[in-house]
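Scroll down for the structure; my scribbles are underneath it.
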Amino acid sequence: MFLYMSAVAALYGCNSGNSEKSDASGQKDKGNIGKVIYGTLPDGAEADLYTLRNANGMTIRITNYGGIITSWTAPDKTGKYEDITLGCDSLSDYLKGVPYFGALVGRYGNRIANGKFTLNGQAYTLAQNNGPNSLHGGIKGFDKVLWQAIAVDGEEPQLKLRYVSADEEEGFPGTLTTDVTYTLQKDNALSIDYTATTDKPTVVNLTNHAYFNLSGDMNKTVLDHEVAIKADRFLPVDETLIPTGELKPVAGTVFDFTKFKKISEGINADDQQIKFGGGYDHCWVFADNSNSLKEVASVFEPGSGRVMTVSTTEPAIQFYTGNFLDGTVTGKGGVSYAHRTGFCLETEHYPDSPNQPKFPSTVLQPGETYRTTTVYKFSVKQD
Ligand code: BGC
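Numbers 3 to 385, taken from this note's numbering, label the letters of the sequence shown in order.
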């Protein structure tokens, strides 16, 4: 059994080079993973910041507070590595409240209508933290808790996180033990593996909420990015962004991303669904509904040549175009994140599944293991 330690990270194994390195944060360590103290939480607990590196030069920083990816560098077509994620410069900035930048989201990614659901005849009430609805696990969801961490060095370094959520936490039934492993692969991919077990029937829908801007310039919007999603249907929503229950074909709509299309093409369309979302903020349902790991989405940024592909075992993805960013949140380097300066591709089960019996079930029973994987992989396309 693993011993989970938040204060001391165990470094297993060694990188073949095993040379001492120091990076921009002044961190010195051996191998492909490092750790520094990130800051202190209001309850006095200490959060750490881990740096995962691979031989190509990709660097990903992750804190065990919320499992947040605070930065992630990827090469452009000239080989230049730049940070392609939105986030904050310090723990205290995250604590001021930001819209889930890079965070692990749970127990339930996206919305549950009116913060209520019934399971086995028992009614459960969650926080209504988004209009009338519950969003992303409630007021103190998995993005705002301290995870236990183990760092594992190697050619493909890993950060293993665990959080045990108490029965009734945020209103959800069952003690839920969640393990998330971030693995930085040698092919410039980050794999995120999630497992969870419960001691009572419950509902689970875990995801990561990284915001990307593949240009590496957070002063630019993402409107020029070209997106493809292997989905033939999407979930129309009501004005509070709860799915109506319909699975609507994308064909002939601005939700058709079956071929690469610039985000700008449909984002301001005169379309009721676009108006409800303030742009794209919907769940796309994959044509391939198997739970094998399959490539489901790609994004290309023409200026940098960066390409990001998303593969997942999940049946759907929330494509959100940063419509609620409005310049009021100041991010890394003092940049104000303006409208649509980042996009998210959150792999998931459908929003509000606990209230929609026709949607694939998100119920987890005692004795079962919830298991899901998502991989974000970077490459470049030359002109
Ligand atoms: C939701 C958006 C929300 C954003 C940040 C997305 O997953 O669909 O409506 O604004 O997360 O909270």
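Cβ atoms here follow ideal geometry from the backbone N, Cα and C, with glycine treated the same way.
Count the other C-beta atoms from every protein chain shown that fall within 10 angstroms of the C-beta of residue i, then say buried if there are 16 or more, exposed otherwise.
i	result
Pro359	exposed
Asn221	exposed
Asn122	exposed
Phe262	exposed
Lys146	buried
Arg113	buried
Gly108	buried
Arg63	buried
Glu171	buried
Arg373	exposed
Asn210	buried
Ala47	exposed
Ser136	buried
Asn207	buried
Gln160	buried
Gly254	exposed
Ser167	buried
Ser355	buried
For residue i, which residues of its own chain have a beta-carbon under 7 Å away from its beta-carbon, when the five flanking residues on both sides are left out?
i	result
Gln384	Lys79 and Gly307
Phe288	Lys232, Ala233, Val298, Pro317 and Ala318
Trp149	Asn66, Gly69, Leu163, Arg164 and Tyr165
Leu216	Ile86, His227, Val301, Glu303, Ser306, Arg308 and Met310
Asp273	Val256
Ignore the nearest five residues each way along the sequence and tell me which others in residue i's own chain have a CB closer than 8 Å to its CB.
i	result
Ala26	Low confidence applies to Ala26: its pLDDT is 48, below 50, so where it sits in the model is not reliable, and the reading given next is rough at best. Around Ala26: no qualifying Cβ.
Ser266	Leu225 and Asp226
Ala191	Val377, Tyr378, Lys379 and Phe380
Thr61	Asp25, Thr53, Leu54, Arg55, Ser73, Trp74, Thr75 and Tyr83
Asp201	Asp169, Gly176, Thr177 and Pro368
Thr246	Leu237, Pro238, Val239 and Asp240
Asp328	Ala340 and His341
May I ask you to list the residues that DSSP assigns as paired with residue i?
i	result
Ile71	Ile64
Cys346	Tyr322
Ser338	Thr332
Asn132	Asn135
Leu148	Tyr67
Ile194	Tyr184 and Thr376
Gly36	Thr53
Sorry if obvious, but does the Cβ on residue i come closer than 7 Å to a heavy atom of the ligand BGC?
i	result
Glu102	The question names Glu, but residue 102 is Tyr in the sequence shown. Answer for Tyr102: yes, Cβ within range of the ligand BGC.
Thr112	Before going on, a small fix: residue 112 reads as Asn here, not Thr. Flag set: Cβ of Asn112 near the ligand BGC.
Asp283	yes
Cys90	no
Phe259	no
Glu395	In the structure as shown, the chain begins at 3 and stops at 385. Residue 395 is therefore absent and cannot be evaluated.
Phe214	no
Leu137	yes
Phe326	yes
Tyr352	no
Tyr339	no
What's the C-alpha gap between residue i and residue j?
i	j	result
Leu97	Gly69	13 Å
Ser193	Phe144	19 Å
Val382	Val229	15 Å
Arg342	Gly369	42 Å
Gly28	Asp219	In this predicted model, Gly28 has a pLDDT of only 47, less than 50, meaning its place in the structure is not dependable; the value taken from the coordinates is given anyway. For Gly28 and Asp219, the distance between alpha carbons rounds to 24 Å.
Ser292	Lys188	27 Å
Ser338	Val312	27 Å
Thr371	Val154	23 Å
Gln134	Gly156	Per the sequence shown, residue 134 should be read as Pro rather than Gln. If I take the Cα positions, the gap works out to 46 Å.
Cys90	Gly344	14 Å
Gly280	Tyr322	10 Å
Gly111	Pro353	7 Å
Within a Cβ cutoff of 6 Å, which residues of the same chain sit near residue i, ignoring the five residues on either side of it in sequence?
i	result
Tyr40	Ala49, Asp50, Leu51, Thr65 and Leu93
Leu366	Thr200, Thr204, Val206 and Tyr372
Asn357	Ala115 and Phe119
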